[in-house]
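Chains as they are written, first to last, in this note's numbering: chain A, 1 to 378; chain B, 1001 to 1246; chain C, 2001 to 2219. Idealized CB from N, CA, C, for every residue including glycine.
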Amino acid sequence: MKFVDEYRDPAAARRAVEEISVISAGEHRKFMEVCGGHTHTIYKHGIENVLPTNIELVHGPGCPVCVIPMGRVDDAIALAEQPDVIFTSFGDMMRVPGSKGNLLEAKARGADVRMVYSPLDALRIAMANPERQVVFFAIGFETTAPSTAVTLLKARERGITNFSVFSNHVTIVPPLKAILDSPDLRLDGFIGPGHVSTVIGNRPYRFVPATYGKPLVTSGFEPLDILQGIVMLLRQLRDGRCEIENQYTRAVRDEGNTKALQVLAEVFELRPHFEWRGLGFISHSGLKLSPAFADWDAELRYLVPGVRVADPKACQCGEVLKGVIKPWECKVFGTACTPETPIGTCMVSSEGACAAYYNYGRFTREAAAAARIPVRSA
Amino acid sequence: MTVLRPDAAPAGGADLGASAGLCDDLARASLALARRFAAGGTLWCVSPSSTFHAHHVAVEFVHPVIMGTRALPAVVVPAGADLVASLRATVRPGDMVVAVAGAAEAEVAEAMRRGPAWGTETVWIGAGPRPADGAADHVLWLDLDDPLVASELFVRIYHLLWELTHVCFEHTGLLRPDTCEEEVCITCSDEGRTAEVVSVDDLGEALVRTAEGREHIDTTLIDPPRPGDLVLVHAGSAIASLEEGR
Amino acid sequence: MSAESTAFLYPFIEGDEHDAASLLADLATSAAAKWDQSSRLRVETLEHLDGQLAEVGAVMARCFEAGGQLFAFGNGGSATDADDVAQLFTRPPWGEPLPARSLVTDHAVLSALSNDVGFDVVFSRQLEAHGRPGDIALGLSTSGNSENLLRAFAQAARQGMRTVGLSGYEGGRMADCSELEHCLVVPSDSVHRIQETQAALAHALWAAVQHAYRPEGAP
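Structure below.
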């Protein structure tokens, strides 16, 4: 666990916490942080411990690893096991379980699976291994998709044909809307994603106040940023305002990153729908390669099984992702499902709500068991 | 602005009380410095408009007045130098920068803003109007307008910083780097690391410096950056410029 | 904490401490106590020396009115105080800029004298070169025992300069130095607390000079 001494500018953080107490005046307020990066900061720095108890933070669906359905992992493993394929992936994806194991196990069985830090690294591997086929397992939100797009533009420009992308890019706005449509969640406002917003800007969120009457404040990732985001949400509620505000002005412009948006439009197109772990199919929430990049599309180059696998029954990632239940309220949290042996994806990535809870000791296995009504099993 | 008038009794007592907050901040800053010193970091001392403060901070750490306390590396950034350029050339990840300066001193703000890219822990000591929130890792600030009384209390603040840092050295268990730092999925999370551009080429790539070292990144998604600009890096690409108006 | 029975004797050997919260609380408490201690020393010293400050301020003001200048010097942290004094007199936040110099800024001179003769003469030789009758030698020391300050005061006295010293503890050798006309002592045995109050004394002395200063032709 980290200590508050590692907050940047603790004096300013203290003032923000004081203002949160004063403005909220004991009234219960429930805000959702949409982005997994925020969830990570909140746990790592113990932000819930410094907030007054009437402020509740609900963790959103913003962890790209957590929302990948099992079937897509099975597809990735099938691609990795093709002869001559070098399969490249971000680190956290390697441990995400499909219905028959994960990528690390596939690697142990002999598949050439390599971890990369950026899609450009995958392209470099392709250039260094012209006799092999390199597939990149693309995941991530609007923040990461532009890097994949830039990589594909470079592949085309340099005529690199032994490279392809298995796109699982998703967008954050559709699930935000799905959550707002969900009848089982009552929220007072949203902490908007910071780095997604550097790309898409603040305008796409207009429907949140306009249609659903909820304020949204885009925030940075330092603990101080999140606290100030909460202050700005509370000020809006106090003043009877309901609008989009930007706390993260040092990086986010209202119009976003127009170059990145152009590149996205050139390389990707929307899928009619995409399956989200626990949330089911969400319309227009996934990105696939546009026809102009068909030659680099792994889903067209290979016969991807595309089997839909139901989420494990015991796992309640869906409810956790929607913020309906807290991680420790899941039946398998800390017992059958741990970071060492994850069942659900929320336990895999450090940005996942369950792993964050588990790793930072908010709830140990024992505490989780104690907090739960025991279920008698045969 | 209240200034100590010659015909008024020298200010003292009540208005010099340290807020509880300042003492907490001093404690936290001291532990942070002790950890960095223990790991081999150097303290760079900066005070562009009153260089004597920078010299005083440095001499406290290099030549401790109390027998048995270890000499620690602290260096003055010379007056008149281009502060940002001097620091850029000399600081290493793990170092510290302490400034005694007003909030309006723009070059100090620039040096502090680069902390995440340079890997430096930053301490800003001052009085009067505060710098922007989050301007440094530790903002040790006095709510005081009198420049002379403030200057006297700065001495007190950095003396205490030195004393408390040495107290921390007696708690060796707390000085080790955080070993439970978990593996973060740095690319798929909505991560954005602050990087400073070292050089750019014509092909839309740049060599940048981050707290973890130097790396090549793609810059085609942003307007061509200039050397010295700060950018936000995600998955090998600069996704935003952190420079105003760009 | 380990269960070793000697742990309380040698806490610095403990390597398995990992909760910083109690240390941080101790540090903050210690900082607050030292802060208050420093504030008390500052107020008490300024009150106690109020009359002497006015007297010395007036003596120095007469020197400046007559065209004299101020030389400030000290070692270590006191050297930085000497720089502070020189900066304050020449570039004051208000009042009249007055001629003052620090004798610790010229590293060529300092290293030449130290190397060729010895560190004990670094200030006295500079005063010999620059000092004129009616100038002021202001030396700062926390111990009051610095040999190079004592030599400087002796040299200044020989040249007809006025001599002012800031000292700590019970004044040290400066208190007994016959060539030092005015010795302002901060009665403490902590180098840091002495230095903090000496900064305030130096500023108060400057304010007293400004208060007493009547340039020619002024009413």
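For H1063(B), three-class secondary structure by DSSP: coil
Nearest neighbour of F141(A), chosen from G36(A), P64(A) and I47(A) [CA to CA]: P64(A)
Beta carbon proximity, H2203(C) to chain B, threshold 8 angstroms: yes
Secondary structure of S1151(B), DSSP reduced to three states: helix
For P1006(B), the three-state DSSP class (helix, strand or coil): Here the model assigns P1006(B) a pLDDT of 32, short of 50, so the residue's position is not dependable and the matter cannot be decided.
Helix, strand or coil at L2205(C) [DSSP, three-state]: helix
Within-8 angstroms CB hit, W1141(B) to chain A: yes
Beta-carbon proximity of S2178(C) to R2151(C), cut-off 8 angstroms: no
Nonlocal neighbours in the same chain, by C-beta distance under 7 angstroms from Q316(A), ignoring five residues either side: I325, C330 and K331
Proximal residues, the stretch 1202-1224 of chain B versus chain A, C-beta separation under 7 angstroms: D1218, T1220, L1221 and I1222
Minimum Cβ-Cβ distance from A2199(C) to chain B less than 8 angstroms: yes
Cβ pair count under 8 angstroms reaching 3, the stretch 244-253 of chain A against the stretch 190-204 of chain A: yes
Rounded separation between G98(A) and G71(A) - CA only: 7 angstroms
Identity of the residues DSSP links to T2163(C) by a beta bridge: A2137(C)
V1139(B) burial status per 10 Å Cβ neighbour count (16 or more: buried): buried
Closer than 8 angstroms to chain C by CB, E1121(B): no
Chain F within 8 angstroms of R1156(B), Cβ atoms only: The structure shown has no chain F; the protein chains it does contain are A, B and C.
CB contact below 8 angstroms: G1040(B) versus chain A: no
Simplified DSSP state of D112(A), which is helix, strand or coil: strand
Nearest residue (CA-CA) to A355(A), options T148(A), I86(A) and T39(A): T39(A)
Amino acids of chain A, ordered along the chain, whose beta-carbon sits closer than 8 angstroms to that of S1260(B): In this structure chain B extends from 1001 to 1246, so residue 1260(B) is not present and cannot be described.
First through last residue of the beta strand (DSSP E) which encompasses M1112(B): Unbroken run through M1112(B) is the alpha helix (DSSP H), A1106 to R1113; no beta strand (DSSP E).
Contact under 8 angstroms by Cβ, S118(A) with L103(A): no
Secondary structure of Q2069(C), DSSP reduced to three states: coil
Per DSSP, cross-strand counterpart(s) of E245(A): V217(A)
is_contact[F9(A), chain B] using C-beta, thresh 8 angstroms: For the sequence presented, residue 9(A) should be read as Asp rather than Phe. By this cut-off, D9(A) is an interface position.
Residue-chain proximity (E1196(B), chain A), Cβ-Cβ < 8 angstroms: no
Backbone CA spacing between L123(A) and D188(A) [nearest angstrom]: 44 angstroms
Coil, strand or helix - Q133(A) by DSSP: strand
Cut-off 6 angstroms between Cβ atoms - residues of its own chain near P327(A), not counting five sequence neighbours on either side: V320, F333, A353, C354 and Y357
Own chain partners of T2197(C) with C-beta closer than 6 angstroms, once the 5 adjacent residues on each side are dropped: L2041, R2042, T2045 and V2186
Reduced DSSP category for R376(A) - H, G, I as helix; E, B as strand; rest coil: Below a pLDDT of 50, predicted positions are generally treated as unreliable, and R376(A), at 35, falls in that range; no measurement from the model is reported.
Cβ-Cβ separation, L1230(B) to T1194(B) (assumed contact under 8 angstroms), whole Å: 6 angstroms
is_contact[E1181(B), chain C] using C-beta, thresh 8 angstroms: With a pLDDT of 46 at E1181(B), under the threshold of 50, the predicted position of this residue should be treated as unreliable, though the coordinate-derived value follows. Cβ-Cβ to chain C under 8 angstroms: no for E1181(B).
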